[in-house]
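Reading through the structure tokens given below for one structure.
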Amino acid sequence: MSSDTEYVTLVSADNHKFIVMKEVAQISSVIKSSQGFQEGETGKISLDMDGDILECIVEYLYYHYKYKDQAETGNIPEFNIPTHLALELLVKADFLDI
Amino acid sequence: MIPAGNRRSKIRPPRKSLVSSSLESSTTDPTVDFEKSWSILSNAIVQIQNKSVSNLSYEQLYRKAYILVLRKYGGKLYENVATIITLHLLKRRDYLLTIYNEEEFMKATLVEWNEHLQSMKFISDVLMYLNRVYVKEHKKLLIYDLGIQLFKDNVIKYNDDQVGKRIVDTVIQEITKSRNGEVITTNMYITKLINMLELLVESGSGDIQFGENYYQSVFEPAFLASSETFFYKLSSEFASYNLGTKYIQSTSRFIKEEEGRINFYMPESMYPKLNELMNNIMIKDRIDDILALPYESQGLSYLLRPVVVNVVDGKNESYHIPDLKILYELIGRIDDEYDLLRLRLKEHIKQQGEELPQQVRSILEKANGDKKLNPALFAIKWIETVLKYHDEFLKIHEQAFDSNSSVSLTITYAMREFINAPPTNRKDANSVNGPELLSVYMDYHIKQSAKTAPSKDIESLDSRDYVDVFIERSIKFLRFIKDKDAFEAYYANHFAKRFLSSKSGSQIISSNNKMGIDIEELLLSKLGEEMGTTSLDKIIKMNKDIKLSKDITNDWKKLITQSTKKDLIELELKICNVNDWPKSMVKDYKAFSNDENNETSFIWSKQLRPTIREFEEFWFSGKKNDNKSLYWSPKFGSMDLRISYPSRTYEINLATYAGIIMLLFAPQSTNADGSLVSAFEENKELSYEEIKELTGIPEIDLKRHLQSIAVAPRSRLLIKNPMTKDVNNSDKFKLNEKFKSPSIKVKVLTVSAASSAAANSSGEKGSSKAKTEQEEEAEEVRSNIHEGRKLEVNAAIVRIMKSRQTIKHNELIEELIKQLSNRFQPSILLIKQRIEDLIEKEYLKRDDEETNIYHYIA
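Which chain is which? The protein sequence lines are C and E, in order. Just so we're aligned, residue 9 is where the first sequence starts under our numbering, counting upward by one. Just so we're aligned, residue 126 is where the second sequence starts under our numbering, counting upward by one.
This is the structure we're talking about:
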């Protein structure tokens, strides 16, 4: 099983591939759950979203991963979201349960 | 903007953008077809249940469910999922019921359960969005929990708990097998099945409490009920052996195994319940019967028997430590305080203790043959036996009873009870007077240590040890005695006797005596530590008298060596203050005084009179003795006489009375050259009546002492005519020319009052009279004790009243018992009498209205 590998590939609807640390990707419980299925075997997860959105999401995942331990203190930089993507991101975040 | 800290943004997207975005993103049909999506999802669920998960694309399934939820198909989806799972489970249930082998059934059930859980996990993953949105909003069970519910309802409880009952029965069966000692192979299944049952939470309908699980609601009651039956059966089986040790051993072993079983199979919550059940049935309901089993059936009496055997017969049987230990542990399981054990122990100790006097007596009688039992020997043996008994019991206590402090208290209390047997039983051969016997014991040892000390100077260390040991034992025994006042009275009596009858004169004996006094002082200080010095007041004063007497003796010695008067005799003085010495000894102190115009007044020998006169002068000249009067008591003490018999000259030590009698036979006349004629030349013969007249010795004593010097074979200083055992009024006496003794020093032992009386019994009533003398003395000691108690109670009442002024009857009694209990056990009757007495004497009065209230009258 390739689920032991440390990276997963997230594929956007317009076929952009993002290779993300599994640990980071699994912040999304949807991605985490998918590991028991076919996606776990292929290491590839196709997502129904555009590349720019997915890019932003991956950025957020890393941002979240990096600062997760400091969340309590509040002493962390703000995460910038391109305004035009905001609404779309909101929907996708809900979808991925981030 | 999503704040960074808020990891899970639950913000629901605005409907408008949602529609547009999902329309945009959904590549196929814009109008969502529920049936189509559902058929994909239901297929996937079936595949999951068939364990072929890896062919499924999660993202697609998830998105299907997501969209259905967004489209408000959540409820329908939820119901469909429940239905499809139910159908699946019913099939699995049918499969389970085709298995007949119990072990296989257990195994298969677990397989089904685990697979169901696994598939439920995947299903719940797929339906995550349903969980997150629909379930939460409608407060339904999460999909996973729904799966467990469905398993419970459609597998376990379906058709009147068909599968559930079978699981419960099977598990109980297996555990019962294990209890019966069979090795079972289903250990892991049992544990896991029980875990499963615990997960099956009741949904909270009907009379079942919400949150209770199947284990609690079904398994536990069934298991406890079957356990109860089993325990009953087992304990009656154990009991049917009718053998105490076997019962406790088997029970203890079973309990240990059962504990292991419970901990292995059951959740923690079971332990206290089953443990209580087990303890109640197997220990609490039975143990008292087991303890009460007779000796042959090895009840407690059997377990404790070796103590008496070892102590009394000096054997070395091993104690039933392991069994006693088991017993202690078993009882500890049902009672932290060990009440039952302590109660029964107490009874047994009491019973065994009450046997001890008889046992000791019979051993001594065996050793002594037919001879009469020496009371002192009995006292010694009994006290040592009792102390040894205590020691042995403490061994058991330490080894078997975990040195439990409350048990040790019980042992002490139980021993106290038999040592302080109530006086009503005293006439009984098996009852003993603890305080008196302790005093006898101490008396014996004090005398004994005085005897051995000088002859073995090298071993003085040993004799030290001997003294220490016996003092230590005495004090130990004293702690068991409740009536300390009685002990004091007896001790005072013995103390006085020791002093008054101590014989001195020769150097050895006086050093001997000193040693004796040392012991007395040592003992006094120890007793003082133990009981407080105020209660020993009298004995301490007596001791002071003894010291004073010694000083005066020395002073007198100095005086006579300086004096010109030749006819003064050395005196060993014992001057006692009548107030402090036991009444039984000093009551008739005035009877012998010369100035009393008494018919039977005692006449001192003329050889002694100058000394007595001179000493009285000397004594009254002392500054301290201004207001005191001095009385002589010839019934105590002894004399040293040097008598020249034809065979040789002997130094004879004999009682004062006997000495006075002998002095009658001393030569009175002088030869022509002024020297004394030999007594044998004079060959005086005196009749009993003459002796009586010349000495004024009371008749009973006179006969006794005449027996000592004229009948007793080893000290026959006089010849009695006719030569008979008893002394009659018509007898005549003269010096025994043929008197012979192996050593120069002769000690005349005074015939005891009892045996003198026995010898005279043929003749007169004197017998009964003499016999009562000892009893009289005992009686007096007893009445002394009684009088002393009256005073103490009075004093205590006044003390209490003074501080309280007003008190209720019951409180007063309570307080009195509390205050007096370390001295003696006051009877309620005595207390009531004393209260009446004090009311009469107007120390207190009853309340005018409430008669049970007393007021103190200052």
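For glycine and all other residues, C-beta sits at the position ideal for the given N, C-alpha and C. Quick caveat, the model's predicted, so the values are computed rather than measured.
Please state the DSSP three-state secondary structure of D670(E). Position 545 of the second sequence, counted from the start, is the residue given in the question as residue 670(E). The answer is helix: DSSP assigns D670(E) an H, G or I state.
*Sorted by chain position, which residues of the same chain lie with C-beta nearer than 8 Å to D972(E)'s C-beta, five sequence neighbours on each side aside?*
Position 847 of the second sequence, counted from the start, is the residue given in the question as residue 972(E). Counting only Cβ-Cβ distances below 8 Å, and skipping sequence neighbours, we find T931, I978, Y979, H980.
Segment limits, alpha helix (DSSP H) that includes R411(E): Against the second sequence, residue 411(E) aligns to sequence position 286. R411(E) -> alpha helix (DSSP H) spans 410-416.
Discussion item. Against chain E, with Cβ distances strictly below 8 Å, would I53(C) count as a contact?
Written reply: Numbered from 1 along the first sequence, position 45 holds the residue referred to as residue 53(C). It does; some Cβ of chain E falls within 8 Å.
Name the chain E residues that come within less than 7 Å of I45(C), Cβ to Cβ?
Indexing the first sequence from 1 puts residue 45(C) at position 37. Correcting the residue type first, residue 45(C) is Phe in the shown sequence and not Ile. Here the neighbours are V178, S179, L181, S182, Y183.
Subject >> Contact with chain E by F103(C), beta-carbon distance below 8 Å >> reply: Counting from one through the first sequence, the residue named residue 103(C) turns up at place 95. Yes, because at least one Cβ of chain E sits closer than 8 Å to the Cβ of F103(C).
Inset, instruction - Answer yes or no: does any C-beta atom of chain C fall closer than 8 Å to that of Y191(E)? - result: Taking the second sequence and counting its residues from 1, the one referred to as residue 191(E) is at position 66. At least one chain C Cβ lies under 8 Å of Y191(E).
| message | Quick check on N404(E): buried or exposed, where buried means 16 or more other Cβ atoms within 10 Å of its Cβ? | response | Indexing the second sequence from 1 puts residue 404(E) at position 279. Label assigned to N404(E): buried.
So which of L271(E), V236(E), R196(E) has the shortest CA-CA distance to K246(E)?
Locating residue 246(E) in the second sequence gives position 121, where the first residue counts as 1. Residue L271(E) is the option with its Cα nearest to K246(E).
* Asked: Which residues mark the beginning and the end of the beta strand (DSSP E) in which R458(E) is found?
  -> To locate residue 458(E), count along the second sequence from 1; it is residue 333. R458(E) -> not in any beta strand (DSSP E); alpha helix (DSSP H) instead, spanning 446-459.
### Task
Could you say if the stretch 900-918 of chain E and the stretch 949-962 of chain E meet the contact criterion of at least three C-beta pairs nearer than 8 Å?
yes
**Under the three-state DSSP convention, the category F230(E) falls into** = The sequence position of residue 230(E) within the second sequence is 105, counting from 1. Here F230(E) sits in helix by DSSP.
Which value, in whole angstroms, describes the spacing of the CA atoms of K699(E) and T849(E)? Translated into the one-based positions of the second sequence, residue 699(E) becomes position 574. Translated into the one-based positions of the second sequence, residue 849(E) becomes position 724. K699(E) and T849(E): Cα-Cα distance of roughly 36 Å.
Does any residue of chain E bring its CB to less than 8 Å from the CB of V38(C)? Counting from one through the first sequence, the residue named residue 38(C) turns up at place 30. It does; some Cβ of chain E falls within 8 Å.
Cutoff 8 Å: S11(C) Cβ touching any chain E Cβ: For the purposes of this step, residue 11(C) is taken as the residue at position 3 of the first sequence. Confidence is the limiting factor: at S11(C) the pLDDT is only 46, short of 50, which leaves the residue's position unreliable and the question unanswerable from this model.
(request) Verify whether the separation of the beta carbon atoms of I456(E) and I412(E) is less than 8 Å. (result) Indexing the second sequence from 1 puts residue 456(E) at position 331. Indexing the second sequence from 1 puts residue 412(E) at position 287. Closer than 8 Å, so yes.
| task | Out of T774(E), S772(E), L466(E), R767(E), state which residue places its alpha-carbon closest to the alpha-carbon of G784(E). | result | Your numbering for residue 784(E) matches position 659 in the second sequence. Taking only the C-alpha atoms, the option nearest G784(E) is R767(E).
* Asked: Are S36(C) and D102(C) closer than 8 Å when you measure CB to CB?
  -> Against the first sequence, residue 36(C) aligns to sequence position 28. Against the first sequence, residue 102(C) aligns to sequence position 94. No, Cβ-Cβ distance for S36(C) and D102(C) is not below 8 Å.
message = If you measure between the beta carbons of N668(E) and E645(E), is that distance less than 8 Å?
response = On the second sequence, position 543 is the one that residue 668(E) refers to. On the second sequence, position 520 is the one that residue 645(E) refers to. Closer than 8 Å, so yes.
Run the CB neighbour count on I953(E), radius 10 Å, all protein chains shown included, and call it buried at 16 or more, exposed below. Taking the second sequence and counting its residues from 1, the one referred to as residue 953(E) is at position 828. Flag for I953(E) reads exposed.
>> List, in chain order, every chain C residue whose beta-carbon is nearer than 8 Å to that of Y187(E).
In response: As a first step, residue 187(E) is located in the second sequence; it is residue number 62 there, counting from the start. Those are V38, S41, S42, listed as they occur along chain C.
_At least three beta-carbon pairs within less than 8 Å, the stretch 383-394 of chain E to the stretch 317-326 of chain E_ = yes
- [ ] Could you tell me whether the Cβ of D250(E) comes closer than 8 Å to any Cβ of chain C?
- [x] Locating residue 250(E) in the second sequence gives position 125, where the first residue counts as 1. Chain C contact via Cβ: present.
Counting only beta-carbon separations shorter than 8 Å, does G59(C) have a partner in chain E?
Your numbering for residue 59(C) matches position 51 in the first sequence. Chain E, which has no Cβ nearer than 8 Å to the Cβ of G59(C), makes this no.
message = For a quick check, are the C-beta atoms of V906(E) and Y615(E) less than 8 Å apart?
response = In the second sequence, counting from the first residue as 1, residue 906(E) sits at position 781. In the second sequence, counting from the first residue as 1, residue 615(E) sits at position 490. Result yes, Cβ atoms of V906(E) and Y615(E) sit closer than 8 Å.
**Message:** Could you compute how far the alpha carbon of E598(E) sits from the alpha carbon of E613(E)?
**Reply:** The sequence position of residue 598(E) within the second sequence is 473, counting from 1. The sequence position of residue 613(E) within the second sequence is 488, counting from 1. Looking at the sequence shown, residue 598(E) is not Glu but Arg. The alpha-carbon atoms of R598(E) and E613(E) are separated by roughly 17 Å.
Notebook entry, point to check: Under the three-state reduction of DSSP, which class applies to M407(E): helix, strand or coil?
Noted result: Position 282 of the second sequence, counted from the start, is the residue given in the question as residue 407(E). Residue state, collapsed to three classes: helix.
Q. Where S179(E) and E47(C) are concerned, what is the direct C-alpha to C-alpha distance, given to the nearest angstrom?
A. For the purposes of this step, residue 179(E) is taken as the residue at position 54 of the second sequence. For the purposes of this step, residue 47(C) is taken as the residue at position 39 of the first sequence. Straight-line Cα distance between these residues: approximately 8 Å.
| Does the stretch 461-468 of chain E come close enough to the stretch 503-523 of chain E that 3 or more CB-CB pairs lie under 8 Å? | no
Exercise. Does the stretch 566-574 of chain E come within contact of the stretch 539-546 of chain E, defined as at least 3 CB pairs closer than 8 Å?
Worked result: no
Check your understanding: How is M848(E) classed by DSSP in three states: helix, strand or coil?
Key -> Within the second sequence, numbered from 1, the residue matching residue 848(E) stands at position 723. DSSP places M848(E) in coil when its eight states are reduced to three.
*asked:* What residue range does the alpha helix (DSSP H) around I173(E) cover?
replied: The residue you call residue 173(E) lines up with position 48 of the second sequence. Residues 159-174.
Amino acids of chain C, ordered along the chain, whose beta-carbon sits closer than 9 Å to that of R378(E): Here residue 378(E) is taken as the residue at index 253 of the second sequence, counted from 1. Within chain C, no residue comes near R378(E); the closest Cβ sits about 50 Å away, beyond 9 Å.
Notebook entry, point to check: Hey, does S146(E) have any beta-carbon neighbour from chain C nearer than 8 Å?
Noted result: Locating residue 146(E) in the second sequence gives position 21, counting from the first residue. Only weak support exists for where S146(E) lies, its pLDDT of 41 falling under 50; the coordinates are left without a value.
Bounding residues of the beta strand (DSSP E) (the contiguous stretch that carries V871(E)): Here residue 871(E) refers to the residue found at position 746 when the second sequence is read from its first residue. Run containing V871(E): 870-872, per the beta strand (DSSP E) assignment.
As a quick exercise: from D527(E), K817(E), L468(E), L489(E), pick the residue whose alpha carbon is nearest that of P447(E). Here residue 447(E) refers to the residue found at position 322 when the second sequence is read from its first residue. Checked all of D527(E), K817(E), L468(E), L489(E); the closest Cα to P447(E) is D527(E).
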